[in-house]
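> To start, I am sharing the structure in question, which I have written as structure tokens.
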Amino acid sequence: KVTLEFGGPTRVVTVSNQKGGVGKTTTTVNIASALALVGARVLVIDLDPQGNASTALGVPHTADIPSVYDVLIDEFPLAEIVQTSPESPLLLCAPSTIHLAGAEIELVSQVAREHRLRTALEDYLAAAPEHIDFVLIDCPPSLGLLTINAFTAANELMIPIQCEYYALEGLSQLLGSVRMIQKHLNPALHLSTILLTMYDGRTRLAQQVAEEVRSHFPAEVLRTVIPRSVRVSEAPSFGQTVVAYDGQSAGAIAYREAAVEIARRGHTHDDEENN
Ligand code: ADP
Ligand code: MG
Numbered sequence: 330k331v332t333l334e335f336g337g338p339t340r341v342v343t344v345s346n347q348k349g350g351v352g353k354t355t356t357t358v359n360i361a362s363a364l365a366l367v368g369a370r371v372l373v374i375d376l377d378p379q380g381n382a383s384t385a386l387g388v389p390h391t392a393d394i395p396s397v398y399d400v401l402i403d404e405f406p407l408a409e410i411v412q413t414s415p416e417s418p419l420l421l422c423a424p425s426t427i428h429l430a431g432a433e434i435e436l437v438s439q440v441a442r443e444h445r446l447r448t449a450l451e452d453y454l455a456a457a458p459e460h461i462d463f464v465l466i467d468c469p470p471s472l473g474l475l476t477i478n479a480f481t482a483a484n485e486l487m488i489p490i491q492c493e494y495y496a497l498e499g500l501s502q503l504l505g506s507v508r509m510i511q512k513h514l515n516p517a518l519h520l521s522t523i524l525l526t527m528y529d530g531r532t533r534l535a536q537q538v539a540e541e542v543r544s545h546f547p548a549e550v551l552r553t554v555i556p557r558s559v560r561v562s563e564a565p566s567f568g569q570t571v572v573a574y575d576g577q578s579a580g581a582i583a584y585r586e587a588a589v590e591i592a593r594r595g596h597t598h599d600d601e602e603n604n
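Here the working numbering = 1-based position in the sequence shown + 329.
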């Protein structure tokens, strides 16, 4: 059994990639679940109107349920919407509802529109009855105001990359957005982690993509890669992460290893100058 020490400054990690279907949500909920399994208290913020992270964590998110929408638009305290996942008392989720689909446009005319999530999160963390070790933010597949709110609230960026053709396409646009955020909204944001997902080691293409990403980002890419596995894609239909659904499957094992790597790395290099 792995023993890790938690209790340090809260790490706020935004899981982003403007491409859809690269494994953002799967990565968010499984890393969160795996971190909770080794004793970290984790809050997942579901910032995607699809609400897939809320579903995978078994958290109700029908239209009548208070959600991240109310936090961003009506300034509800985050504490009023946070639920505990049935998976673990250490695993919390701020759910998304379908209302969030309108937030992207409604935010445009709001005061401090880029800072709304950050302010809500700071208030929440300052008053949280128990220390939160990680906040993981599941982003929608765009670089709009919801993602900008995540970038402004976070100190770390984690990018899941699908080991397929075009994997690196769009990455320079994503990193360009991050530089804009660093300059104008949040100097603390930095790329800390890249995770290779849906890896099929039998194909030469997957190996080539993995090599190419590693050569560009030697420090950021985790050693662990997440294999393509049916169990991973089945788990959400049971309202579970694969870590809970089939803990001995290859996908669950890989996500647990990735989570330990992330926890061990702690705050990365650039953090010293930001603190
Ligand atoms: P995103 O949030 O980036 O849109 P998802 O996490 O929803 O991506 O993943 C897209 C699809 O791929 C989902 O149907 C998911 O179940 C599936 N998937 C993700 N990771 C894996 C994996 N390692 N093996 C098999 N299917 C996966
Ligand atoms: Mg998603």
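All residues carry an ideal CB built from backbone N, CA and C; glycine is no exception.
With distance defined between alpha-carbon atoms, name the residue in Val397, Pro395, Ala408 and Cys422 nearest to Leu386.
As a first step, residue 386 must be located in the sequence shown, where it is residue number 57. Cα-wise, what sits closest to Leu386 is Cys422.
> What is the rounded straight-line gap between the Cα of His598 and the Cα of Asp393?
Walking along the sequence shown from the start, residue 598 turns up at place 269. Walking along the sequence shown from the start, residue 393 turns up at place 64. In this prediction, His598 has a pLDDT of 42, which is less than 50 and means its spatial position is unreliable; what the coordinates show is noted afterwards. Rounded to the nearest angstrom, the two C-alpha atoms are 43 Å apart.
> So is the beta-carbon of Asp377 under 7 Å away from any non-hydrogen atom of ligand 2?
Here the question's residue 377 lines up with position 48 in the sequence shown. Yes; taking the cut-off as 7 Å, the Cβ of Asp377 has a heavy atom of ligand 2 nearer than that.
> Can you tell me where the alpha helix (DSSP H) with Asp467 in it begins and where it stops?
Locating residue 467 in the sequence shown gives position 138, counting from the first residue. Taken as a continuous stretch (DSSP letters only), Asp467 belongs to no alpha helix (DSSP H), being part of the beta strand (DSSP E) at Phe463 to Asp467.
> Check whether the Cβ of Pro406 lies closer than 7 Å to any heavy atom of ligand 1, and answer yes or no.
As a working note, residue 406 is residue 77 in the sequence shown. No, since every heavy atom of ligand 1 falls outside the 7 Å radius drawn around the Cβ of Pro406.
> Report the rounded CA-to-CA distance for Thr339 versus Leu407, giving the unit in angstroms.
The residue you call residue 339 lines up with position 10 of the sequence shown. The residue you call residue 407 lines up with position 78 of the sequence shown. If I take the Cα positions, the gap works out to 16 Å.
> Quick one: what's got a C-beta closer than 6 Å to Asp399's C-beta in the same chain, skipping five residues either side?
Mapped onto the sequence shown, residue 399 falls at position 70. Closer than 6 Å at Cβ, skipping near neighbours: Phe405.
> With DSSP run on the structure shown, which of helix, strand or coil describes Leu475?
The residue labelled residue 475 in the question sits at position 146 within the sequence shown. It is helical.
> Report whether the distance from the Cβ of Thr354 to the nearest heavy atom of ligand 2 is below 7 Å.
Within the sequence shown, residue 354 is the residue found at index 25, counting from 1. Answer for Thr354: yes, Cβ within range of ligand 2.
> Let's test the definition: count the other Cβ atoms within 10 Å of the Cβ of Met527 and tell me whether it reaches 16, buried, or not, exposed.
The residue labelled residue 527 in the question sits at position 198 within the sequence shown. Buried, since its Cβ has 16 or more Cβ neighbours within 10 Å.
> Report the residue from Gln569, Glu409 and Val464 whose alpha carbon sits nearest the alpha carbon of Arg370.
The residue given as residue 370 occupies position 41 in the sequence shown. Minimum Cα distance to Arg370 is reached at Val464.
> Where does Glu601 land, buried or exposed, given buried means 16+ other C-beta within 10 angstroms?
As a working note, residue 601 is residue 272 in the sequence shown. With a pLDDT of 40 at Glu601, under the threshold of 50, the predicted position of this residue should be treated as unreliable, though the coordinate-derived value follows. It is exposed - the Cβ of Glu601 has fewer than 16 other Cβ atoms within 10 Å.
> Does DSSP put Ile555 in a helix, in a strand, or in coil?
The residue you call residue 555 lines up with position 226 of the sequence shown. Ile555 falls in the coil class under three-state DSSP.
> With a floor of 3 residues, list each beta strand (DSSP E) that falls wholly inside the segment 369-447, ordered by position along the chain.
Listed in chain order, the complete beta strand (DSSP E) runs (minimum 3 residues) inside the segment 369-447 are 371-375 and 420-423.
> If you drop the 5 nearest sequence neighbours on each side, which residues of the same chain put their C-beta closer than 6 Å to that of Asn603?
As a position in the sequence shown, residue 603 is number 274, starting the count at 1. Reliability of the predicted coordinates at Asn603 is poor, the pLDDT of 39 falling under 50, and no value is obtained from them.
> Less than 8 Å separating the beta-carbons of Glu435 and Asn478?
Walking along the sequence shown from the start, residue 435 turns up at place 106. Walking along the sequence shown from the start, residue 478 turns up at place 149. In this structure, Asn478 does not lie closer than 8 Å to Glu435 by Cβ.
> Are there any heavy atoms of ligand 2 lying less than 7 Å away from the beta-carbon of Asp467, as far as the coordinates show?
Translated into positions along the sequence shown, residue 467 becomes position 138. Yes, ligand 2 has a heavy atom inside 7 Å of this Cβ.
> Using a Cβ-based criterion (distance less than 7 Å to any ligand heavy atom), does Asn346 qualify as near ligand 2?
Along the sequence shown, one-based indexing puts residue 346 at 17. Result no, Cβ not under 7 Å from ligand 2.
> Where DSSP assigns a beta bridge to Gln491, which residues make up the other side?
Your numbering for residue 491 matches position 162 in the sequence shown. Beta-bridge pairing links Gln491 to Thr526.
> How many angstroms separate the CA atom of Leu472 from the CA atom of Met509?
Counting from 1 along the sequence shown, the entry for residue 472 is found at position 143. Counting from 1 along the sequence shown, the entry for residue 509 is found at position 180. Spanning the two alpha carbons is a distance of roughly 12 Å.
> How long is the line joining the alpha carbons of Gln439 and Glu409, rounded to whole angstroms?
Position 110 of the sequence shown holds residue 439. Position 80 of the sequence shown holds residue 409. Answer to the nearest angstrom: the Cα atoms are 21 Å apart.
> Could you tell me if Lys348 is buried or exposed, where buried requires 16 or more neighbouring beta carbons within 10 angstroms of its beta carbon?
Within the sequence shown, the letter at position 19 stands for residue 348. Under this definition Lys348 is a buried residue.
> Exposed or buried, which one is Glu334 when buried takes at least 16 other CB atoms within 10 Å?
Residue numbering aside, residue 334 sits at position 5 when the sequence shown is read from its first letter. Per the 10 Å Cβ criterion, exposed.
> Indicate, with yes or no, if ligand 2 has a heavy atom lying under 7 Å from the CB of Asn515.
Stepping through the sequence shown from its first residue, residue 515 is reached at position 186. The answer is no for Asn515.
> Where Arg585 and Thr391 are concerned, what is the direct C-alpha to C-alpha distance, given to the nearest angstrom?
To locate residue 585, count along the sequence shown from 1; it is residue 256. To locate residue 391, count along the sequence shown from 1; it is residue 62. Rounded to the nearest angstrom, the two C-alpha atoms are 30 Å apart.
> Answer yes or no: the CB of Asn381 versus the heavy atoms of ligand 2, is any distance below 7 Å?
Here residue 381 refers to the residue found at position 52 of the sequence shown. Yes - ligand 2 has a heavy atom lying nearer than 7 Å to the Cβ of Asn381.
> Could you compute how far the alpha carbon of Glu541 sits from the alpha carbon of Ala382?
Against the sequence shown, residue 541 aligns to sequence position 212. Against the sequence shown, residue 382 aligns to sequence position 53. Straight-line Cα distance between these residues: approximately 29 Å.
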